[in-house]
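A quick write-up on the structure given underneath.
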Amino acid sequence: MIDRATVDRILDAAQIVDVVSDFVTLKKAGVNYKGLCPFHEDRTPSFVVSPAKGLCKCFACGKGGNAVHFIMEHEQLSFPDALRYLARKYHIEIKEKEMTDEEQQARNERESMFIVNEWACGFFRNQLTDTVDGRAIGMAYFRNRGFRDDIIAKFQLGFSPNQWDALVREARAKGYRDDYLLKTGLCFQRDNGQLQDRFRGRVIFPVHTLSGKVVAFGGRVLDAATKGVNIKYQNSPESAIYSKKKELYGLFQAKQAIVKNDNCFLVEGYTDVISMHQAGVENVVSSSGTALTTDQIRLIHRFTENITVIYDGDAAGIKASERGIDMLLAEGMNVKLLLLPDGDDPDSFARKHNATEYQAYLNEHQVDFIKFKTDLLLQEAKGDPIKLSRLVNNIVQSISVIPDEITRSLYTRETSAMLAMDEQMLAAAVGRCIVKAREEKKKQQEQERNRRALQQQSDVPSTPTGVDETPVPPPANDANVPPPPPTEIPPEAYPDGTQPLAGIPAAETAAEVPETSHTLSFIPRTGAEEMVFYEKELLLVQALVRYGDKVMCNVENENGEEQPLTVVEYIRYTLQEDTLQFHNPLHNQLLDEAETHLQDEGFTTERYFMNHPSPAVSSLAFELMSDRYILSKYHSKSQKVVSNEERLMELVPHLMTDFKLAIVDEELKQILFQLRRPDILQDKDRYMDIMKHYKEVKEIESSLARQRGDRVLTIR
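Note that the sequence shown covers residues 1017 to 1732 in the numbering used here.
Okay, here's the thing in structure tokens:
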């Protein structure tokens, strides 16, 4: 790991204007600089770089951050790799911090596997260019495919000699261990214990990660050896560094072109990608001949929402890929499809046409998935009502997985026009598919809840034989027991004006009731991002990131001495006072780390979290520091504008009180949900516990309301 002192040196040296200028042409605009955003198709300069703040931001797509964030986003690197990139740029020596034995071992193993793969890539390339067999066999194959030397070098193509152990012998001679040759899949072990080259006699296609590391290989048998061979390609097996479903061939070479064109072409094979690059189409990736996965789709989605799937005209292949289209739609991608003529694939089509003709065909023949599916399936139906019905159901199913309601509606309208069908009938069919999918999801969730409930019951002692297990309802004439709440709870019982959804039992919207309850225990543990108190929590975390190390005031300690109280210390103390914590684990992590490093020399929460090695933490800090979450300025009676930092003693307690009050309001609502449950109405002890808790929480609500005052903080 890179030590903190080295990280600080890199951050101090990395000038945001200098870093961004390597990729964007910037022009002076007042105290800032402006240019075209590198992360989307920008026609008017919307990317602003502030040398004073050390930040950049696109006011069209919203991407930005400091120098490290920019490099992470632009080059698709991890935080440590982005630091190393900047260290090389500014000639700063990296000093690694000592890790635990387990961390060191895990890192050493992964790094060793990458190192072995990198060496193997060089070995295969040298065999292709510097040996007689490589030039006569491997290079001849690539020449026959029409690949130029610059394209061969760009994709680091290679050749493995047709010998059982050529790579093994060379690796051992260079000092590489057998176990890493096996773990990377470069070799496999025979029954007699000897190692054998996995890719012998094949041309080699290295697979790269987003940052350019060689993670795996694909090897193709040569044309002369394909007779009687069903599987032409041999790929690296799954390993600690390689998962086929999480990698896309060519993404490392294509990522900048994808961002620039705001579109990605998806093809099937290695040679398809390479041929399209040679034809001048660089925004193309391959799923390496496997079914498309959600992980691969999300990789593409990081760069663009638009994807064009290219088919080679093989009917079986098109049929098999229909599931992939629905997966793309479900992930919110804008999907277009393109069918090549005469059964060509992207590779063979490129060899028949020049670059201009190729690109023109791609631009002119892309169609959206609805038109593609309709045209294709109508040819199969040919007036057959049964087949036509299946066609409609197929298209309706695809439309139903689209997450955006407006997009679904537009596609439904377009489909009704193309098929000359009633739009309302199609919309109803789409709605039924959505409801069915939700019911299936709900059924799965119910099964999971039942499984957890059975697991909990197995830990509870069973009732002795002969004891009546029927719950006794509260006596109606008992003056000490308040009457049960009405079946319909009045609107004023809900602090935020909401009511339970009709038809949904309250047990599904709240946590299981404990035996006794004197703490806030009914609020669901997950899914609270839409609740009011979560917004208040975000404001508190924002104050933590911006002002955590700042002193709010001086307080007296046990010895009567005054000592400073920081924002971090105040937030921690006041949360512990009521045994509270933040709902989001990431927010708790920020508070824990801020408290841990508070006494470090030169520590500031803003700098620490903005440059945090965890992308999740640094991204959150950047969002909270950006203009989207600005706490309102305070105007004093003299109309003098006072900054938030100058009034921390007023601001932070106010935020804390708002946060606590919002939690209490939510707790009251959840209690009322609980009181509707039949099992609680029939259980006198549980009913009394909850009513007692309700009274306690109402008292807390009144106390907090008095503390809150009448000034309201807003988010602009």
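In this text, a Cβ means the ideal position worked out from N, Cα and C, and glycines have one as well.
Keep in mind that this is a model prediction, so the values were computed, not measured.
Relative to the C-alpha of residue i, which residue among the options is closest?
i	options	result
residue 1721	1366, 1053, 1706 and 1671	1671
residue 1450	1461, 1424, 1188 and 1433	1424
residue 1217	1289, 1174 and 1453	1174
residue 1599	1617, 1312, 1585 and 1682	1682
residue 1083	1637, 1272 and 1627	1627
residue 1167	1134, 1256 and 1290	1290
residue 1633	1664, 1601 and 1618	1601
residue 1685	1707, 1701 and 1699	1707
residue 1392	1041, 1355 and 1361	1355
residue 1412	1394, 1202, 1099 and 1444	1444
residue 1389	1454, 1352 and 1375	1352
residue 1091	1104, 1039 and 1069	1039
residue 1052	1135, 1688, 1276 and 1028	1276
residue 1615	1259, 1637, 1047 and 1582	1582
residue 1668	1189, 1556 and 1422	1556
residue 1640	1579, 1554 and 1595	1554
Between residue i and the ligand SAH, is the CB less than 7 Å from at least one heavy atom?
i	result
residue 1419	Looking at this structure, you won't find the ligand SAH or any other ligand, since it has none at all.
Here's the rule: buried if 16 or more other CB atoms are within 10 angstroms of the residue's CB, otherwise exposed. What is residue i?
i	result
residue 1491	Note that residue 1491 has pLDDT 38, beneath the 50 cutoff, so the model's placement of it is unreliable and the number below is only indicative. Looking at its Cβ environment, which holds fewer than 16 other Cβ atoms inside 10 Å, residue 1491 is exposed.
residue 1137	buried
residue 1026	buried
residue 1064	buried
residue 1441	exposed
residue 1252	buried
residue 1396	exposed
residue 1089	buried
residue 1050	buried
residue 1485	Only weak support is given to the placement of residue 1485: the predicted model assigns it a pLDDT of 35, under 50, and the question is left unresolved by the model.
residue 1409	exposed
residue 1081	buried
residue 1575	exposed
residue 1204	exposed
residue 1467	exposed
residue 1024	exposed
residue 1141	buried
residue 1299	buried
residue 1405	exposed
residue 1323	buried
residue 1028	exposed
residue 1191	exposed
residue 1461	exposed
residue 1213	buried
residue 1656	Residue confidence for residue 1656 is low, a pLDDT of 47 falling below 50, so the modelled location carries little weight and cannot support an answer.
Contact check, residue i vs residue j under 8 Å by CB: the rounded distance?
i	j	result
residue 1268	residue 1224	4 Å
residue 1235	residue 1302	About 15 Å separates the two Cβ atoms, so there is no contact after all.
residue 1220	residue 1130	Not a contact, Cβ separation roughly 17 Å.
residue 1086	residue 1035	6 Å
residue 1345	residue 1414	6 Å
residue 985	residue 1032	The shown model of the chain, from 1017 to 1732, leaves out residue 985, and the question about it has no answer.
residue 1030	residue 1106	7 Å
residue 1348	residue 1420	7 Å
residue 1099	residue 1018	6 Å
residue 1549	residue 1675	6 Å
residue 1734	residue 1350	In the structure as shown, the chain begins at 1017 and stops at 1732. Residue 1734 is therefore absent and cannot be evaluated.
residue 1260	residue 1254	7 Å
residue 1362	residue 1288	4 Å
Going by DSSP, name the residue or residues bridged to residue i.
i	result
residue 1352	1324 and 1384
residue 1224	1230
residue 1280	1323
residue 1177	The partner list for residue 1177 (beta bridge, DSSP) is empty, contrary to what the question assumes.
residue 1403	Note: residue 1403 sits in no beta bridge, so no partner.
residue 1235	1220 and 1250
residue 1570	1580
residue 1604	Bridge partners of residue 1604: none, in fact.
residue 1302	1265 and 1283
residue 1212	1204
For residue i, decide whether its Cβ has a neighbour in chain D, counting only Cβ atoms nearer than 8 Å.
i	result
residue 1351	Chain labels in this structure do not include chain D; a single protein chain is all it has.
_the region 1287-1306 / the region 1367-1378 touching (three or more Cβ pairs under 8 Å)_ = yes
*Below 8 Å, can you find three or more Cβ-Cβ pairs linking the region 1565-1585 to the region 1603-1614?*
yes
*Are the region 1182-1195 and the region 1147-1163 touching, with three or more C-beta to C-beta distances below 8 Å?*
no
*Quick check: the region 1258-1277 against the region 1306-1315, are there 3 or more CB pairs under 8 Å?*
yes
*asked:* Check whether the region 1071-1089 and the region 1336-1351 are in contact - that is, three or more C-beta pairs closer than 8 Å.
replied: no
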